[in-house]
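Below: the structure, in structure tokens.
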Amino acid sequence: MTTHYDRTTYDGGPAPSSWGPPATAGPAAAEPATPAAPQAGEPKQPFVRRLWRGRPEDPRWARPAFLGLLAATLLLYLYNLSASGWANSFYSAAVQAGSRSWKAFFFGSLDAGNAITVDKPPASLWPMELSVRVFGLNSWAILVPEVLMGVAAVAVVYAGVRRRFGPGAGLIAGAVLALTPVAALMFRFNNPDAMLALLMAVACYMVVRAVEDGRTRWLVWAGAAIGFAFLAKTLQAFLILPPLAIVYAVCAPVPLKKRLGQLAVATGALIVSGGWWVAIVELWPASSRPYIGGSQNNSFLELTFGYNGFGRLSGDETGSVGGGGGGTGSGMWGETGWNRMFNSEIGSQISWLLPATLILLAAGLVATRRLKRTSVTRASFLVWGGSLLMTLIVFSYMAGIFHQYYTVALAPYLAAVIGMGSALLWEKRRETWASITLAAAVVASAAWGYVLLNRTSDYLPWLKYLVLIGGLAAALGLIFAGRVSRRLALGAAAVGLVAALAGPTAYTLSTLQEGHTGSIVTAGPSGASMMGGRGGPGGGGMRGGFGGGMPGQNGQNGQNQQGRQGQQNGNGGTQNGNGFPGGGFAGGMPGQNQQGTPGGAGGAGAGGAGGGAGGLLNGASVSSQAKKLLEKDSSKYTWAAAAIGAQNAASYQLSTGDPVMAIGGFNGTDPSPTSAQFKKYVAEGKIHYFISSGTGGGMGGSSSGTSSQITSWVEKNFKKVTAGSATFYDLTQQTSG
314 MTTHYDRTTY DGGPAPSSWG PPATAGPAAA EPATPAAPQA GEPKQPFVRR
364 LWRGRPEDPR WARPAFLGLL AATLLLYLYN LSASGWANSF YSAAVQAGSR
414 SWKAFFFGSL DAGNAITVDK PPASLWPMEL SVRVFGLNSW AILVPEVLMG
464 VAAVAVVYAG VRRRFGPGAG LIAGAVLALT PVAALMFRFN NPDAMLALLM
514 AVACYMVVRA VEDGRTRWLV WAGAAIGFAF LAKTLQAFLI LPPLAIVYAV
564 CAPVPLKKRL GQLAVATGAL IVSGGWWVAI VELWPASSRP YIGGSQNNSF
614 LELTFGYNGF GRLSGDETGS VGGGGGGTGS GMWGETGWNR MFNSEIGSQI
664 SWLLPATLIL LAAGLVATRR LKRTSVTRAS FLVWGGSLLM TLIVFSYMAG
714 IFHQYYTVAL APYLAAVIGM GSALLWEKRR ETWASITLAA AVVASAAWGY
764 VLLNRTSDYL PWLKYLVLIG GLAAALGLIF AGRVSRRLAL GAAAVGLVAA
814 LAGPTAYTLS TLQEGHTGSI VTAGPSGASM MGGRGGPGGG GMRGGFGGGM
864 PGQNGQNGQN QQGRQGQQNG NGGTQNGNGF PGGGFAGGMP GQNQQGTPGG
914 AGGAGAGGAG GGAGGLLNGA SVSSQAKKLL EKDSSKYTWA AAAIGAQNAA
964 SYQLSTGDPV MAIGGFNGTD PSPTSAQFKK YVAEGKIHYF ISSGTGGGMG
1014 GSSSGTSSQI TSWVEKNFKK VTAGSATFYD LTQQTSG
């Protein structure tokens, strides 16, 4: 017997509360009734019992299985967490600053002296900064909030799928999300993408709830979630607005006039939740706040619509380290086109179940095509599937800065569609079209899993054959056994699920085994994701890094890889990077382990030798002598030191705990401070040391840029000091020159 749910039935029949016999469809217009309110005086179950048992209409295994899924996700993501150290030291330095200065907390400053901000809004930093204020500055305090966001995202996806398709479907969706390699990477990393993915999942959940009963409050919460997501990663949060708004405008069970009014109210909630901070920053006198990192005119709006906005689509990002393909389909950020998510650069991060997802999405829309306009079942496919397709299209064709880990935004949508589609087809499995489609989804997952595993042929070489054979066997079982025996059908479904998840699970476990540091990280084993293609600087794409530098880019940043990517493709960054001074960015961008030490044979190139200066995407190795030098009398200065580029400055700041000014922001190309401002700071005794980058021109800026002007002035006028193998200039001691 199939259990009925409150608001959780199909629009044409009961929901799959268990993997039981197929339900018989009812009238197309049938909708679940609103559950009866609890009777007055009805005894309330103890909280612990309700927590463990769940809703009375749920099967007994549902809530324990859900709690087990959350616990397993938590333990999985906490495993070996400290191996990543500071992870992306760019954001860790901002967290350190925000934990010491409320002004830095509010603005997202890179240092407690509030010289310049990160190149994103600060919302993603706030949970980490609060954690550090409570638990102190350490890797766990920074990264555990990201883990908790991952667990919360799994819970939201489960809840969204369970409401209409049953707990079995919810568990599948939650497990798919938890075991997606790029999700396991980014929910253990301190970039803004973890918060973005969570809030986008919350928005989808809220919109489906709004379609269920037409209540304004759910739509308002959805708008608030997207608005707050804007404060995590600006315009990327708005990618799913078109499908969400269209679905509600068409499917909500209220008159059209009211629907439009509700959407207007939700838009207001979005503007308020995302705009309050923007308004304060824009109205705040520029002279008393930090410079807006990533902008060229000290404007957050310019940053939003330029470098972090439309520039990402066109490839024309002012102040960036390099453009994209400019619409040509190839560029330093990889190939663009319909197959981008499947290629060798990105495929192993997210695409394991993407072919099956597209099949199940199409099947879900076909199966619900005759249901009435207000069908919540169809609306669920349109909300989650529409968000998936919209984000997928933009990611596939954007010509600007694009990193593999951006694809974590797709993971919640993909997982939800897998759960919903598999449940719907399972219920209809005795219909020939449904059993064949479900089998096709399993075969697609197995075949594509074989292809992805074959790209790293030395990694678990036997697994690809088990995945392929298991998937084919499961597909045959779903087509033929489903008509004969429920047990055989369940067995076939279990084999198919294992075959589909085996590849991503293996890559996820490989991801957990290694630490990940720097600005570009990828999931999976070494060699699983090579960025670049034809267009990267240095003639070798980005396999060995920008300009042939960046050894150990693939997630481990040199750790346990001996920098072999840089050695093979870029000779440690010593070759010229076609337009980037000093050979690639900052002369070589050394591969690093979690402590920041150079990574083996592909270690530091010019300007990074011996752990002196860092690079654009990785920080510097800070010796004990350098740390001691900067800490001496640091309390007398606003900034213990200044360095070109944020990663370089971040390493010294995290090592000493004292503010270090990042000249030029992340890329070293922002006009902050100006040469005149820097000279004024020095004259006022606010900066003690200048950290030499060894390149003379900064982190990718031209020889005539602000960073180069400051460097030249310092080198001509101040005393050089050596600490370990690093070079500093004492800005309190002028030379005769």
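First residue of the sequence shown? That's 314 in my numbering, and the numbers climb one at a time after it.
Note that CB positions come from ideal geometry on N, CA and C, so glycine has one too.
Just so we're clear, the structure is a prediction, and the values are computed from it rather than from any experiment.
For residue i, is the classification buried or exposed, using 16 other Cβ atoms within 10 angstroms of its Cβ as the cut-off for buried?
i              : result
asparagine 393 : exposed
tryptophan 952 : buried
aspartate 371  : buried
aspartate 946  : exposed
glutamate 459  : buried
asparagine 931 : buried
tryptophan 399 : buried
proline 603    : buried
serine 937     : exposed
proline 494    : buried
proline 555    : exposed
lysine 993     : exposed
lysine 1077    : Coverage of the chain is limited to positions 314 through 1050, which leaves residue 1077 absent and any answer about it impossible.
asparagine 882 : Bear in mind that the predicted position of asparagine 882 carries a pLDDT of just 34, short of 50, making it too unreliable to give a figure here.
glycine 732    : buried
lysine 941     : exposed
Per DSSP, what kind of secondary structure is residue i in: helix, strand or coil?
i                 : result
glutamine 1046    : strand
serine 422        : strand
alanine 1039      : strand
isoleucine 957    : strand
threonine 1024    : helix
aspartate 629     : coil
glycine 650       : coil
arginine 877      : With a pLDDT of 33 at arginine 877, under the threshold of 50, the modelled position of that residue is not reliable, and no figure is offered here.
phenylalanine 403 : helix
alanine 415       : Per the sequence shown, residue 415 should be read as tryptophan rather than alanine. Tryptophan 415 falls in the helix class under three-state DSSP.
glycine 981       : coil
asparagine 621    : helix
threonine 830     : coil
isoleucine 485    : helix
valine 935        : coil
Between which two residues does the beta strand (DSSP E) harbouring residue i extend?
i           : result
lysine 1032 : 1031-1036
valine 973  : 973-976
Name the DSSP beta bridge partners of residue i, please?
i              : result
tryptophan 952 : Ile1000
tyrosine 604   : Ile429
The alpha helix (DSSP H) spanning residue i covers which residue range?
i              : result
alanine 676    : 667-680
proline 555    : 554-564
isoleucine 455 : 452-478
lysine 546     : 529-546
leucine 448    : It is worth fixing the name first, because residue 448 is phenylalanine in this sequence and not leucine. Taken as a continuous stretch (DSSP letters only), the alpha helix (DSSP H) holding phenylalanine 448 covers 439-448.
glycine 784    : 776-793
glutamate 595  : 569-596
lysine 945     : It is not in any alpha helix (DSSP H) - lysine 945 carries neither H nor E in the DSSP assignment.
alanine 752    : 745-768
glycine 698    : 689-710
glutamine 662  : 660-663
glutamine 313  : In this structure the chain extends from 314 to 1050, so residue 313 is not present and cannot be described.
proline 817    : 799-826
leucine 773    : Neither: leucine 773 is in no alpha helix (DSSP H) and is coded neither H nor E.
tryptophan 739 : 724-740
threonine 493  : From DSSP, threonine 493 is part of no alpha helix (DSSP H); its letter is neither H nor E.
valine 521     : 506-526
arginine 376   : 375-391
With a cut-off of 7 Å, does the C-beta of residue i fall near any C-beta of chain C?
i           : result
alanine 538 : Within the model displayed, chain C is absent; a lone protein chain is all it includes.
Is the stretch 760-780 touching the stretch 792-804 in the sense that three or more CB pairs, one from each, lie closer than 8 Å? Contact between the stretch 792-804 and the stretch 760-780 is absent, because fewer than three Cβ pairs lie under 8 Å.
Does the count of Cβ pairs from the stretch 751-758 and the stretch 702-716 closer than 8 Å reach three? By the criterion of at least three beta-carbon pairs nearer than 8 Å, the stretch 751-758 is not in contact with the stretch 702-716.
Does the structure place the stretch 811-823 close enough to the stretch 765-774 that three or more beta carbon pairs sit under 8 Å? Taking 8 Å as the limit for Cβ pairs, the verdict is that the stretch 811-823 does touch the stretch 765-774.
Is the number of C-beta pairs between the stretch 607-615 and the stretch 687-698 that are closer than 8 Å three or more? The stretch 607-615 vs the stretch 687-698: no contact.
Contact between the stretch 425-435 and the stretch 444-452 is defined here as three or more beta-carbon pairs at a separation below 8 Å; is this criterion met? No: the two stretches stay apart, fewer than three of their Cβ pairs being nearer than 8 Å.
Within 8 Å, do at least three Cβ pairs link the stretch 487-499 to the stretch 716-732? These segments touch.
Quick test of the definition: if touching needs 3 or more C-beta pairs under 8 Å, does the stretch 494-505 touch the stretch 468-475? With the rule of 3 Cβ pairs closer than 8 Å, the stretch 494-505 does not count as touching the stretch 468-475.
Counting pairs of Cβ atoms below 8 Å between the stretch 611-625 and the stretch 579-599, do you hit three or more? Counting C-beta pairs closer than 8 Å gives three or more between the stretch 611-625 and the stretch 579-599, which meets the contact rule.
Just checking, does the stretch 509-529 make contact with the stretch 399-413 on the three C-beta pairs under 8 Å criterion? The stretch 509-529, when compared against the stretch 399-413, does not touch it at the 8 Å Cβ threshold.
Decide if the stretch 662-676 is in contact with the stretch 535-547; the criterion is three or more beta carbon pairs, one per stretch, under 8 Å apart. Judged by Cβ distances under 8 Å, the stretch 662-676 makes no contact with the stretch 535-547, as fewer than three pairs qualify.
Is the number of C-beta pairs between the stretch 478-488 and the stretch 519-526 that are closer than 8 Å three or more? No contact exists between the stretch 478-488 and the stretch 519-526.
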